[in-house]
Structure formats: C-alpha cells, structure tokens
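What follows is one structure encoded as structure tokens, with my remarks underneath.
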Amino acid sequence: KRSVVIGCGSYLPERILTNAELAAKVDTSDEWIVQRTGIRERHIAAEGEFTSHLAIKAAQAALDNAGIEAQDIDLIVLATSTPDLTFPATAVQVQAALGITQGFAFDLQAVCSGFVYALATADNFLRCGSAKRALVIGAETFSRILDWNDRSTCVLFGDGAGAVVLEAQENWGTSADRGVLTTHLRSDGRHKSKLYVDGGPSSTQTVGYLRMEGREVFKHAVSMITGVIVDAFEASGTSANDINWFVPHQANKRIIDASAQKLHLAPEKVVLTVDRHGNTSAASIPLALCTAVADGRIKRGDLVLLEAMGGGFTWGAALVRW
Ligand code: ACO
C-alpha cells in the first residue's frame, strides 16, 4: 500500500498586515525585515476567528479539490501549536464541523515541523491499514502567541491553514508510481531554550508568548534540514537531480536559499511563499504546496521534496510523488 495525495486546499485570513504597518508599531523597517527574512506581509486572523475555523476552510477546500465527501474521511491528523482550547483537540472540532462521525481525529504538536510529522503519521496509519483516507492539516494562529512589543519575533509570523487528502492505494509497484515515498523525522530536546513559548496549562496556567534566540535557530537550521534531506535521498534512492519541486517550511528566505544551495537544488525549483505568508509554522508547507498546485507548477507525477525545522528542535523531510 501507498498513501497518495489526491487533493489539497488552503485558507488565509482576509486581513493582511504589511511590514510598513508593523514599522508604525515597533522599531523596525520594511528594509530590515525583507533583507533578513524575505517577508513582506502576512495574514492575521480576525477577532473570533480561531485555528479550527481556518482548518475547517482548508479541509473543505482539500475535500473539494479531491472530489470526495467528508464522509469518505476516516482519519484527521491536525498539526498545530495554537489549538483553540487546551482540549479537546482542534482536530475533533474540525471532524464535527465537517459532519464526520467515523474514524478518529487527533492533534499533533511539533511546531514548525508539524506538517511533516502529521504527513508521516497519517502515511503510517494508511499503509498499515488502520485508515483509508486521511485529512492532514496544518493550521495556526501564531498571532495569538506573539509579543507584539518584541520586534525580534513579531515580524516573523503569520496565520493560515493548509490541508492535503491522503488515500491508501493498492498495487504500488514501480518507482514512477505516485505517493509518499519516504518520511524522516528527527528531534533533539536539548535545544528547548532557543525557541519556546513561556506559558502553558501545567506550568504557568497562561498561554504565554513565543521566545526565540533567532541567531541560534539560524545557526542550526541549515545543517539539520540538509542532513535529514540527505537521509531521505539515501532511503529512497533519489538525488537532488530527481527533484521537480522543493517545498520547504517557509520560515526565512535566507535559510531556504542556503539549504537549496547546499543541496544543489536550482533556485527555480524552490517554491517560496514566505514573502506573502510569513512563517505560518505547521501551515506553511501545505499553504506553499497549494499555491504551487493552483498556479500549475506542481503537476501529477512530479517528485516533491518537503522539509521543516522548528521548536524542540524538531525537524524532518518527506518525498512525495505527486
Ligand atoms: N527590526 C529591526 N531590527 C531588529 C529587528 C527588527 N524586526 N529584530 C531584531 N533587530 C535588531 C537586533 O536588536 C539587533 O540589534 P543590535 O545589533 O543593536 O543588538 C540586530 O537587529 C541584529 O539582530 P540579530 O538577532 O543578530 O539578527 P539576525 O541577523 O540574526 O536576524 C532573524 C534575526 C531574522 C530572527 C534571524 O536570526 C533568523 O531568521 N533566525 C531564524 C529564526 C527563525 O526563522 N525562526 C522561525 C521559527 S524556527 C523555524 O521555523 C525554522
């Protein structure tokens, strides 16, 4: 069995926050933000618009794109670090909103690596026969955990959601066949203090704010990302030359450029949305995937390389024949 992507969809809140608007609130400039990160604008959820609302819209769009009904889904894995509530999981709220009463749904928390973790998790459930069709969702409202007075973090993130529908298909045989070819996940909890939220139900009974040593994160990002991608190449017998599209987690254009360069991936194969979305954490990869599918770049049969790295640290890579 193999898990094949049969549809994708995404949703961005209407409100766009530009660098110029941010520069009016904190001591920063469009020039500084663009030069250091490549970000020009990001979307921000409206008051009363929660992670589940973004996730439901992305999931519905993915179902429509796949041409299936919500009732055909028997697994939802939703990656988020900004759930509506401590519990129940945002995934079960999405399940209920879509009218799904079968199968199972749960949240997964691996910060910016969440979508790659969720894809790997759903892929394993599908290949072992525990489910037939999965919604894999990344949805975040990072605007709610930002310290809007801290210029070193508030300029980096945005809100949004993206989803893919994965279907278990039989009769996989040749390397040209579609599906998730391989997934590789890593974590190293020794790096906690470099990127974390300083609140939580058990420790402070507050939501807390995102705290980051940006330079430290940057220092580790490229080697971790390229290392796990090399593992994915080796496991699948592929190389950079075989890749049609590189769809990285959209944290920072400089990290993406440096990773692509180290792997000898041509710049024209890199899908970039960080300029318009900012870093949407677990949502960034499915948002970028949907952008490149919608504009006709990613086509059926293309080999797509996904990677992400984030708080924990967590990191991972996946190869998908689209
Ligand atoms: N506007 C203007 N100046 C700023 C801003 C800002 N928004 N933020 C920080 N500065 C200042 C700092 O105060 C510092 O000033 P000083 O020299 O007077 O002390 C100066 O700019 C340089 O600060 P650094 O933090 O050293 O800047 P750096 O070049 O490292 O860029 C950045 C900061 C963009 C955060 C970078 O380190 C980075 O991209 N790190 C990766 C972080 C990341 O992407 N995290 C996302 C989550 S993890 C993930 O998804 C991979």
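Here the UniProt record's numbering is used: the first residue of the sequence shown is 4, the next is one more, and so on. All residues carry an ideal CB built from backbone N, CA and C; glycine is no exception.
Quick one, which of the options has its alpha-carbon nearest residue i's?
i: R193; options: G315, D110, S206; result: G315
i: R147; options: L111, A137, E50; result: E50
i: G141; options: R154, A94, E173; result: A94
i: V274; options: E219, D245, A291, K60; result: A291
i: L188; options: A65, V97, V233, Q264; result: V233
i: D30; options: I47, E17, Q172, T156; result: T156
i: I246; options: L15, S13, L306, I258; result: L306
i: G230; options: A69, L149, T283, A321; result: A321
i: K256; options: F90, D180, Q38; result: Q38
i: A69; options: V8, T104, T209; result: V8
i: L184; options: Q96, C293, W325; result: W325
i: T85; options: E173, A113, L169; result: A113
i: R303; options: V323, T317, M312, K272; result: V323
i: residue 1; options: T40, R5, A62; result: In this structure the chain extends from 4 to 325, so residue 1 is not present and cannot be described.
i: I288; options: E44, S55, A48, A61; result: A61
i: L15; options: I59, T40, S32; result: I59
i: D278; options: L25, T40, T317, A164; result: T40
i: G281; options: G163, E173, A23, A26; result: G163
i: L25; options: H56, E72, N152, G182; result: N152
Could you please give the first and the last residue of the uninterrupted alpha helix (DSSP H) stretch that includes residue i?
i: A114; result: According to the sequence provided, residue 114 is Val. The question's Ala does not apply to it. Careful: V114 lies outside any alpha helix (DSSP H) and carries neither H nor E.
i: I36; result: 33 to 40
i: T186; result: T186 -> not in any alpha helix (DSSP H); beta strand (DSSP E) instead, spanning 182 to 190.
i: T294; result: 287 to 297
i: T85; result: Careful: T85 lies outside any alpha helix (DSSP H) and carries neither H nor E.
i: V95; result: 93 to 100
i: V274; result: V274 -> no alpha helix (DSSP H), and no H or E assigned at all.
i: R324; result: Careful: R324 lies outside any alpha helix (DSSP H), inside the beta strand (DSSP E) at 317 to 324.
i: R257; result: 256 to 265
i: A26; result: 22 to 26
Determine the direct distance from the alpha carbon of residue j to that of residue i, and round the result to whole angstroms.
i: I76; j: K135; result: 7 Å
i: S116; j: G319; result: 7 Å
i: G132; j: K28; result: 52 Å
i: Q74; j: F109; result: 17 Å
i: E310; j: V250; result: 7 Å
i: V167; j: A286; result: 11 Å
i: G299; j: D191; result: 37 Å
i: R130; j: A121; result: 14 Å
i: E52; j: E237; result: 43 Å
i: G202; j: L81; result: 22 Å
i: A224; j: V296; result: 27 Å
i: H252; j: Q96; result: 26 Å
i: G161; j: I42; result: 10 Å
i: H46; j: T294; result: 15 Å
i: T209; j: L138; result: 30 Å
i: F221; j: Q105; result: 42 Å
i: W35; j: L159; result: 12 Å
i: C11; j: A64; result: 7 Å
i: Y199; j: E143; result: 15 Å
i: D186; j: F128; result: The residue asked about is misnamed: residue 186 is Thr in this sequence, not Asp. One C-alpha to the other measures close to 13 Å.
i: A243; j: I259; result: 15 Å
In terms of residues, what are the limits of the beta strand (DSSP E) holding residue i?
i: residue 2; result: One cannot answer for residue 2 here, as it falls past the ends of the chain, which runs 4 to 325.
i: R214; result: 213 to 215
i: L78; result: 78 to 82
i: V250; result: 248 to 251
i: L169; result: 162 to 172
i: H46; result: 44 to 46
i: residue 1; result: Residue 1 falls outside the range modelled here, since the chain spans only 4 to 325, and no answer is possible.
i: L57; result: Note, L57: premise wrong, no beta strand (DSSP E); alpha helix (DSSP H) at 54 to 69.
i: I9; result: 5 to 14
i: L309; result: 306 to 313
i: C149; result: Sequence inspection shows Leu at residue 149; the Cys mentioned does not correspond to that position. L149 -> no beta strand (DSSP E), and no H or E assigned at all.
i: L198; result: 198 to 200
* **Given 8 Å, three or more beta-carbon pairs between the segment 207 to 220 and the segment 262 to 272** => no
* Evaluate the contact criterion for the segment 193 to 207 versus the segment 10 to 21: three or more CB pairs, one atom per stretch, below 8 Å. => With a cut-off of 8 Å, the segment 10 to 21 and the segment 193 to 207 do not count as touching, because too few Cβ pairs lie within range.
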